[in-house]
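Undergrad:
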Amino acid sequence: MKSSKDLFGMKGRFALAIFLSAALLFTVQPMVGQTLLPVLGGSPAVWSSCMLFFQAVLLLGYLYAHALTKRVDGQRQWAAHGAILLAASLVLPLAIEVDAPWPGNPRWWALRTLAAVVGLPFFALAATAPLLQQWFSRTSDPGARDPYFLYAASNAGSLLGLVAYLAIEPLAARKAQALGWSAGFWAVAALVTACGYAARRSPAYAPARARGKATGSLPMSDRAMWVVLALVPSALLLGVTQHLATDVVSAPLVWAVPLALYLLTFVAAFSARGFGTARGWGTVAPVAALLVLVVALAEVRYPIIAVTLAHLAAFTVLAMMCHARLAERRPHAAHLTGYFVCVSLGGVLGGLFATLVAPALFSSVLEYPLAVGAAVLLRPHTVRADITARSPIVRLLWRAAAVALLIAGYWLVSAFDEGTTGREWVSGGLFAWTRALAADAESAERLVRVTFAVPAALLLLRPRAALLFAGLTTGLLAAASTVRTGGEVLVRERTFFGVHQVTSVQDGAWHVLTHGTTTHGLQGMRGKLRSLPTAYYHPSGPIGDVVFTLVPEGRFREVAVVGLGAGALAAYAGNGVRMDFFEIDEAVIRIADDPRYFTYLSDARARPGIAIRMMPVDGRLGLKAAPAGSHDLIVLDAFSSDVIPAHLLTREAVAIYESRLKSRGLLAFHVSSRFFDLPPVIARLAADRGLVAYVRHDEDLPPDKRAEAKRASTWVVVARDQRDLGQLARSAPRWIRLSANAAKPLWTDDYRNVLGALH
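Throughout, my numbering is defined as the position within the sequence shown, counted from one, plus 1290.
#1: Give, in chain order, every unbroken run of the alpha helix (DSSP H) that is at least 4 residues long and sits entirely within the region 1832 to 1868.
#2: Quick check on ILE1934: does DSSP put it in helix, strand or coil?
#3: Pick from VAL1852, ASN1865, ALA1863: whose alpha carbon is nearest that of PHE1871?
#4: Are the region 1609 to 1616 and the region 1774 to 1793 touching by the rule of at least three beta carbon pairs closer than 8 angstroms?
#5: So which of PRO1885, ILE1881, ALA1877, GLU1873 has the shortest CA-CA distance to ARG1903?
#6: DSSP beta-bridge partners for PHE2071?
#7: Would you mind reading off the limits of the alpha helix (DSSP H) that contains LYS1995?
#8: Given a threshold of 16 other Cβ atoms within 10 Å of its Cβ, counted over all protein chains shown, does GLY1628 qualify as buried or as exposed?
#9: Three or more beta-carbon pairs under 8 angstroms between the region 1877 to 1896 and the region 1909 to 1923, yes or no?
#10: Would you grab the beta carbon distance between VAL1666 and THR1763 for me? Rounded to a whole angstrom, and I think it's under 8 angstroms.
#11: Report the rounded CA-to-CA distance for GLU1942 versus PHE1344, giving the unit in angstroms.
#12: Buried or exposed: which applies to ARG1620, given that a residue is buried once 16 or more other Cβ atoms fall within 10 Å of its Cβ?
#13: Is it right to say HIS1371 is buried, meaning 16 or more other beta carbons lie within 10 angstroms of its own, or is it exposed?
#14: Pick helix, strand or coil for ASP2040, following the three-state DSSP scheme.
#15: At least one CB of chain C closer than 8 angstroms to the CB of ILE1697: is that the case?
#16: Please identify the residue among GLY2046, PRO1832, MET1869, LEU1766 whose C-alpha is closest to the C-alpha of LEU1580.
#17: Rank LEU1415, ALA1417, LEU1440 by C-alpha distance to the C-alpha of SER1427 and give the top, closest one.
#18: Following the continuous alpha helix (DSSP H) through ASP1512, name the residue where it begins and the one where it ends.
#19: With DSSP as the reference, label ARG1986 as helix, strand or coil.
#20: Comparing alpha-carbon positions, which option in THR1483, ARG2001, LEU2015, LEU1587 lies nearest ARG1774?
#21: Taking the beta carbon of VAL1631 as the centre, do at least 16 other beta carbons fall within 10 Å, making it buried, or is it exposed?
#22: By DSSP, does HIS1828 sit in helix, in strand, or in coil?
#23: If we ignore side chains and look at the alpha-carbon of each, how far apart do ALA1575 and VAL1582 end up?
#24: For the beta strand (DSSP E) containing ILE1902, list its first residue and its last residue.
#25: My assumption, with CB atoms under 8 angstroms, is that THR1317 sits in contact with ARG1464. Please give the rounded CB distance.
#26: According to DSSP, is THR1403 helix, strand or coil?
#27: Let's see if you can read the secondary structure: which residues bound the alpha helix (DSSP H) around LEU1551?
#28: If you measure from the CB of GLY1814, is any heavy atom of the ligand ADP nearer than 7 angstroms?
#29: Just checking, does the region 1892 to 1908 make contact with the region 1855 to 1863 on the three C-beta pairs under 8 angstroms criterion?
#30: Kindly list the residues whose CB is nearer than 7 angstroms to the CB of VAL1944, restricted to its own chain and excluding five residues on each side of it in sequence; keep chain order.
#31: Assign ASN1445 to buried or exposed, taking buried as 16 or more other Cβ atoms, counted over all protein chains shown, within 10 Å of its Cβ.
#32: For HIS1801 and SER1821, what's the separation of their Cα atoms in angstroms?
#33: What residue does the beta strand (DSSP E) around ASP1922 start on, and which one ends it?
#34: Using 8 angstroms as the threshold, is the C-beta distance between HIS1810 and GLU1998 below it?
#35: What does GLU1783 pair with, by DSSP beta-bridge criteria?
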């Protein structure tokens, strides 16, 4: 008979092995993704390809674990999985050097490369958690009857892996990271071997089939519900992340907080201690949904922290409710692996919907309100109200009423869209009283929109109306995410790179291009303002200094621009100038090239002797393909968003840029950013290659320049020799020479400390 100490030791070994394997799964994903970025040009499609690959392999690992436990007796499972771990260890350490991509679609090359680099080790680790839980359930440990607490350990390990990589990345180069990860894999393999050996020696250990017959088969409805309860919070996670990045705060690592909360809800739901019931969380869920609804209808944007916390709090409640229901519906341990296959399948389907289906179907982040509505539908209260209907006809009528309220809610908010016939009737006739309470028409419209949340809240007073509440809330939320006040939306287009929107403001006087919460260009559409470069490209700003220095000397002929925006830099093009714009997002090219939205490019092409070319490719790859010594000026304008393309700011990248410059050519970096301090990074890169760098922080915005839509900006110009800068080098304190700090690490393709560049 084993002592309690031995029993605790067995539980501890299993928990530690599962914890560490999950941590390795969550550290390898960003690590390998960083390997592909410089080769594929920093496209967000790299991350979507990585996510798709890892989710698919995770599901395959769970399917393998399920098949192994059902078809192989317990004594042989240990040997079979040991062989998989041994085979995976033979491809270690991870190879972080990859070949050039194939011609054609880079997604397939990325998937093939991921499979070759990390496929087998990831598969082996993915199968480890469900296998160990199944093995533990057959031991004599007191916790073996309900081994699902080990799933909490798995998610806690995932959380640790997420946080650990954020801390490790700035401290170690990718080769060192790969070696460390490989050492971790070998440690986990040893732990799994020890756990398998301990389980085999346990008196209670028995073949899987003999243990599973007693519980019988599970109905398909149970399996379907497991999939749905995993699918909805998975889609909700990606939806709230996309919403925060697009409409609230475009900040670095904005994805990390929702993911951490998502993992914590899994930990809490499957913890042996317990953190509330699904019904208890379901009672709070309508309040969470109403909070999101009011914020969306009122278009509350400030304070940013409060708005962010509101969405995160609502997400946590809804995810916790779904995961609590998932935990409460867990089956007997004999069906453990099948259960986790369904959970994994739900996660994959939720991810596919949010990352592939939604961007193809919706021009806005519509998956977020749909996921909120789906979560509300999964409340135990909603389900109970539906299944306790007196007859099938009554149940059908309730469902039809919910759909009708969804459509009505969407129509009510949509009536505020510019150009709709119902707009004046709703805002002017039905709720004319709001104009007396609001400071302006826009505020009045927002007040009207908020009142639509009142009938939704009143539906909560009657438990039988839970389904109606879900329908109305979903309709109102969906419309609020697409219909906005404060200007007419001329076009909205969504790609892998985000949501691009052009808005007409001040009665059509200005057109504004935004990507999420970041302004990427604007143009005056009347009079002389139409030909004036605005925002960060104003003639009185730093880039104006650069252009006016080069033009008199005939050094503004061949220009390359990485990042298009609205195309404002084309306004500087004169006779004999050729400008090549490298823009990775073809939606931006379509928008900037359409004179209905912006005319910088079409006006430049109409002037004699000017050549404007669009290159739909990553700037680094595009410049690498350009002839050596071919450009007078290379402008890098890709660093104003929350996620900087760090592959454009490495030693290897700067070497490419320099080789494409003429003998007296210049590099101009636009580094205006709310979050990153990039001039020191560029100074270090310039010093490494023996170049000189100057910076200008332009915050001089007199009223006449503000009227011309000038924005504060920071630019760094780099040259081979100080004399190549002309008057710029003699205009201190307007332009200040940058001194490199040798203590600052040099960014390379192998090492980039992005977090260290935060303000």
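The C-beta atom is built at its ideal place from N, Cα and C for all residues, glycine as well.
TA: Reading off the structure:
#1: 1832 to 1840
#2: Residue state, collapsed to three classes: coil.
#3: VAL1852
#4: no
#5: GLU1873
#6: Outside the shown range of the chain, which is 1291 to 2049, sits residue 2071, and nothing can be said about it.
#7: 1993 to 1997
#8: Burial call: buried.
#9: no
#10: 6 angstroms
#11: 29 angstroms
#12: buried
#13: buried
#14: Correct three-state label for ASP2040: coil.
#15: Within the model displayed, chain C is absent; a lone protein chain is all it includes.
#16: LEU1766
#17: LEU1440
#18: It spans 1510 to 1533 - the alpha helix (DSSP H) in which ASP1512 sits, taken as one unbroken run.
#19: If DSSP states are grouped into helix, strand and coil, ARG1986 belongs with the strands.
#20: LEU1587
#21: buried
#22: coil
#23: 11 angstroms
#24: Element bounds for ILE1902: 1901 to 1905.
#25: About 12 angstroms; that fails the 8 angstroms criterion.
#26: helix
#27: 1546 to 1560
#28: By its list of ligands, the structure shown contains no ligand whatsoever, and the ligand ADP lies outside what it can speak to.
#29: The region 1892 to 1908, when compared against the region 1855 to 1863, does touch it at the 8 angstroms Cβ threshold.
#30: LEU1975, ARG1979
#31: buried
#32: If you take the alpha carbons of HIS1801 and SER1821, they lie about 13 angstroms apart.
#33: 1921 to 1926
#34: no
#35: Partner(s): HIS1790.
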